[in-house]
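Working notes, beginning with the structure itself.
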Amino acid sequence: MIEVLRAGLLSSVQDQGRRGHAAIGVGRAGAMDADAAKLANWLAGNEADAAVIEITLSGPALRFACAATVALCGAEAELRLDGERIAGWRPQAVAAGSVLDCGGLRRGARLYLAVAGGIAVAPVLGSRSVDINAALGPCEGRALRAGDRLPLAAEDGLRLRRTPAWSLAPALWFDPDPQRRLRLLPGAHYAELEPEAQQALQTAAFRIAPESNRVGLRLQGAALRLSRPLELVSAGVTRGTVQLPPGGQPIMLAAEHPTTGGYPRIAHLIEADQSRLGQYRPGDSLRLRLVGTDEAEALRVRRAQALARVHHYIEQKLLEIRCGA
Amino acid sequence: MNAAPRAEALGDSAVLLHFGEAIDAAVNARVHAAARHIAALQLPGIVELVPAYASLAVQLDPACWSGGAPAPAQRCAAALLDALAAAPEARGSFSTTIEIPVCYGAGFGPDLDAAAARCGLAVPELAALHAAADYRVALLGFAPGFPYLLGLDPRLHLPRLATPRTRVPAGSVAIGGAQTGIYPRELPGGWNLIGRTPLRLFDAARTPPNRIAAGMRLRFRAITAEEFRALQAEEDKAAADSTA
Numbered sequence: 165m166i167e168v169l170r171a172g173l174l175s176s177v178q179d180q181g182r183r184g185h186a187a188i189g190v191g192r193a194g195a196m197d198a199d200a201a202k203l204a205n206w207l208a209g210n211e212a213d214a215a216v217i218e219i220t221l222s223g224p225a226l227r228f229a230c231a232a233t234v235a236l237c238g239a240e241a242e243l244r245l246d247g248e249r250i251a252g253w254r255p256q257a258v259a260a261g262s263v264l265d266c267g268g269l270r271r272g273a274r275l276y277l278a279v280a281g282g283i284a285v286a287p288v289l290g291s292r293s294v295d296i297n298a299a300l301g302p303c304e305g306r307a308l309r310a311g312d313r314l315p316l317a318a319e320d321g322l323r324l325r326r327t328p329a330w331s332l333a334p335a336l337w338f339d340p341d342p343q344r345r346l347r348l349l350p351g352a353h354y355a356e357l358e359p360e361a362q363q364a365l366q367t368a369a370f371r372i373a374p375e376s377n378r379v380g381l382r383l384q385g386a387a388l389r390l391s392r393p394l395e396l397v398s399a400g401v402t403r404g405t406v407q408l409p410p411g412g413q414p415i416m417l418a419a420e421h422p423t424t425g426g427y428p429r430i431a432h433l434i435e436a437d438q439s440r441l442g443q444y445r446p447g448d449s450l451r452l453r454l455v456g457t458d459e460a461e462a463l464r465v466r467r468a469q470a471l472a473r474v475h476h477y478i479e480q481k482l483l484e485i486r487c488g489a
Numbered sequence: 006m007n008a009a010p011r012a013e014a015l016g017d018s019a020v021l022l023h024f025g026e027a028i029d030a031a032v033n034a035r036v037h038a039a040a041r042h043i044a045a046l047q048l049p050g051i052v053e054l055v056p057a058y059a060s061l062a063v064q065l066d067p068a069c070w071s072g073g074a075p076a077p078a079q080r081c082a083a084a085l086l087d088a089l090a091a092a093p094e095a096r097g098s099f100s101t102t103i104e105i106p107v108c109y110g111a112g113f114g115p116d117l118d119a120a121a122a123r124c125g126l127a128v129p130e131l132a133a134l135h136a137a138a139d140y141r142v143a144l145l146g147f148a149p150g151f152p153y154l155l156g157l158d159p160r161l162h163l164p165r166l167a168t169p170r171t172r173v174p175a176g177s178v179a180i181g182g183a184q185t186g187i188y189p190r191e192l193p194g195g196w197n198l199i200g201r202t203p204l205r206l207f208d209a210a211r212t213p214p215n216r217i218a219a220g221m222r223l224r225f226r227a228i229t230a231e232e233f234r235a236l237q238a239e240e241d242k243a244a245a246d247s248t249a
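Chains as they are written, first to last, in this note's numbering: chain A, 165 to 489; chain B, 6 to 249.
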């Protein structure tokens, strides 16, 4: 069991999301940086889809009632276990009664805490993700509060005698450099943008508006205009769809987006960059670049292969630990 | 004979199939027929089907559709269009009818009087017109279990509120533009509230969680405030029994 001593700004239980219920208006939710959540799970000896705690901007303080193995991946934070600095990106032994304090996140927006065996809250509609916007999911469909107690399935999990000396190099998985561009495929209504707006989409630096959240990133900058007004009938949208409301400030849909939307669809974030969307903070600068379908697919395959390689590497290292090496 | 649907890629992991461009019951029926047909094929790598008024969004797992040119979304779109072309022309009948009891006004529809004035109707006339129509559930969206209904009498079309409410009570029956719908639980919202149903329309602990499904026919039945309270007590008891 984990007791929440301090909740942090917005901490919630998430897995890889809720699938198969969009037709009744229930969206996917799930980790905003899904790859960081997967990596934390693999390092803790879990399946990729196990439930983790998603930590946003300022971290929680958590007391572990029993000994556990944890792993933290994602944004940079000053992590302390019973007051001692610890590193992320590796399996970490936690003794019974210890307090993990995640402090403030220095770079990036979201950090993931995986616990061996997984956070064992009861799934709702097939997932342990909390959909905060829809108030649906475990934990009463809300973010964590001080005093909450989270059950663990720790008896199933990886056990460490001591924390290993190695850790993963985060560079491939966590890169908050604002000069790196998020890559987009043009949407059906890209052609309806004024020529200056088409150009601005790829040259402007947008700012992440403060009201951005798990529903979407609101991009502030020079207003993008359509060459003619469009009246659209609401249609299904997806994570990463860039919608353009009449005000001209685009919204990039994220984990808790509504299942349908009626604004023009000017672009879509490519699959390979979906996890990076989760690491932008309010006030960050965001630059965009359009790619073609072939480049998007090549980038997706490269990312999937890199994830498969690191998964294999982690499995090898955990096998050494399990064999007592 | 209907025109073949048109496919639009929603990035590299979803496809939007268009069956028309307008809010129209016949087009919407084709959307639901296509959704049923695609679901029955049980294709690997289809992770989500999202029917809307005139389109069906299909989310796919690109890894399952990968393998040289064309890219996964384009490959999946072609397969879906082929499958629909080979399907028998479905009539897309709306078979099931659900009846929703509604108490109009009487403290349950705070905008009813203003709505009637705006439509140039007496209050009972507006309620009678709203309850008389034969609706079709075009889609569930906006929030879990929120039904968008087709078939609102054009005399009842009303602009949305200038300032949306931050809290609309669960069960509120409302009109927004040419659409009518029901808030399945307390939500923010900008539609005109004309009444309320005591039914619990969505409960994630139930299987299925939604009482109203896209593709159904729907009728409203006007009830009194006393009937509302009696039905609400039954609903509360059923919910308590199921969690006990």
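Cβ atoms here follow ideal geometry from the backbone N, Cα and C, with glycine treated the same way.
Exercise for the section: Give the range of the alpha helix (DSSP H) segment to which B:Glu231 is assigned. Expected result: 230-248
Practice task
Taking only beta carbons into account, state which residues of the segment 52-66 of chain B come closer than 9 Å to chain A, listed in chain order.
Solution key: Val52, Glu53, Leu54, Val55, Pro56, Ala57, Tyr58, Ala59, Ser60, Leu61, Ala62, Val63, Gln64
Handout entry: Helix, strand or coil at A:Arg466 [DSSP, three-state]
Key = helix
Handout entry: Check whether A:Leu226 and A:Val285 have beta carbons under 8 Å apart
Key = no
Problem - Cut-off 8 Å between Cβ atoms - residues of its own chain near A:Val190, not counting five sequence neighbours on either side - result: Arg182, Leu289, Asp295, Ala298, Leu300, Thr423
Handout entry: Rounded distance between the beta-carbons of B:Pro193 and B:Phe233, thought under 8 Å
Key = That belief does not hold up - the Cβ atoms of B:Phe233 and B:Pro193 are roughly 23 Å apart, past 8 Å.
Exercise for the section: Can you check the segment 196-264 of chain A for any beta strand (DSSP E) of at least 3 residues that lies completely inside it and give the ranges in chain order? Expected result: 216-220, 225-228, 232-241, 256-258
Exercise for the section: Give a yes or no on whether the minimum CB-CB distance between A:Ser398 and chain B is below 8 Å. Expected result: yes
Handout entry: First and last residue of the uninterrupted alpha helix (DSSP H) at A:Leu185
Key = The sequence as given places His at residue 185 of chain A; Leu does not occur at that position. Taken as a continuous stretch (DSSP letters only), A:His185 belongs to no alpha helix (DSSP H), as it is neither H nor E.
Practice task
Compare the C-beta of B:Ile28 against all C-beta atoms of chain A and say whether one is closer than 8 Å.
Solution key: yes
Problem - the segment 211-225 of chain A / the segment 266-280 of chain A touching (three or more Cβ pairs under 8 Å) - result: yes
Exercise for the section: Determine whether the Cβ of A:Ala470 lies closer than 8 Å to any Cβ atom of chain B. Expected result: no
Problem - Within chain B, partners of A:Arg183 - CB distance below 9 Å - result: Val52, Glu53, Gln64
Exercise for the section: State the DSSP-derived secondary structure class of A:Val474, mapped to helix, strand or coil. Expected result: helix
Handout entry: A:Thr233 versus A:Leu316: straight-line alpha-carbon distance, rounded
Key = 11 Å
Handout entry: Contacting positions in the segment 161-178 of chain B - beta carbon closer than 8 Å to chain A
Key = none
Practice task
Out of B:Leu163, B:Arg165, B:Glu104, B:Arg205, point me to the one whose CA is closest to B:Gly150's CA.
Solution key: B:Arg205
Practice task
Determine the chain B residues that contact A:Gly404 at a beta-carbon separation under 7 Å, and present them in chain order.
Solution key: Gly16
Handout entry: Interface partners of B:Gln79 on chain A, CB under 8 Å
Key = Thr457
Exercise for the section: Give me the Cα-Cα distance between B:Gly73 and A:Thr457, rounded to the nearest whole angstrom. Expected result: 11 Å
Exercise for the section: Whole angstroms is fine: what's the gap from B:Arg80's alpha carbon to B:Trp70's? Expected result: 7 Å
Handout entry: 8 Å contact criterion, which A:Pro255 and A:Leu314 should meet: CB distance rounded
Key = About 19 Å; that fails the 8 Å criterion.
Handout entry: Simplified DSSP state of B:Asn33, which is helix, strand or coil
Key = helix
Practice task
Assign B:Glu26 to one of three DSSP states: helix, strand, or coil.
Solution key: coil
Problem - Uninterrupted alpha helix (DSSP H) stretches inside the segment 123-205 of chain B (no shorter than 4 residues) - result: 128-137
Practice task
Provide the residue(s) that pair with B:Arg11 in DSSP beta bridges, ordered along the chain.
Solution key: B:His23
Exercise for the section: Report the three-state DSSP secondary structure of A:Thr405 (helix, strand or coil). Expected result: strand
Exercise for the section: Under 9 Å between beta-carbons, which chain A residues line up against B:Ile147? List them in chain order, please. Expected result: In the sequence on display, residue 147 of chain B carries Phe and not Ile. Ordered by position in chain A, the residues that pass the 9 Å Cβ test against B:Phe147 are Gly189, Ser398, Pro422, Thr423, Thr424.
Problem - Candidates B:Lys242, B:Phe113, B:Gly181: closest to B:Ile228 by CA position - result: B:Phe113
Practice task
Please classify A:Leu381: does DSSP put it in a helix, a strand, or coil?
Solution key: strand
Practice task
Answer with yes or no whether the minimum CB distance from B:Asn215 to chain A is below 8 Å.
Solution key: yes
Practice task
Mind listing the chain B neighbours of A:Glu435? Cutoff is C-beta to C-beta under 8 Å, in chain order.
Solution key: Gly16, Asp17, Ser18, Pro67
Exercise for the section: Drop a sphere of 10 angstroms on the beta-carbon of A:Pro248, count the other beta-carbons inside from all chains shown, and report buried for 16 or more, exposed for fewer. Expected result: Reading off the sequence shown, one finds Glu at residue 248 of chain A, where the question assumed Pro. So A:Glu248 ends up on the exposed side.
Practice task
Would you mind working out which of B:Ala31, B:Glu26, B:Ala9, B:Gly16 sits nearest A:Leu495, comparing C-alpha positions?
Solution key: What is shown of chain A runs 165 to 489, which leaves residue 495 of chain A out entirely.
Exercise for the section: Give, in chain order, every residue of the segment 216-227 of chain B whose Cβ lies closer than 8 Å to some Cβ of chain A. Expected result: Ala218, Ala219
Handout entry: Neighbourhood of B:Ala92 by C-beta distance below 6 Å, restricted to the same chain and skipping five residues each side
Key = His42
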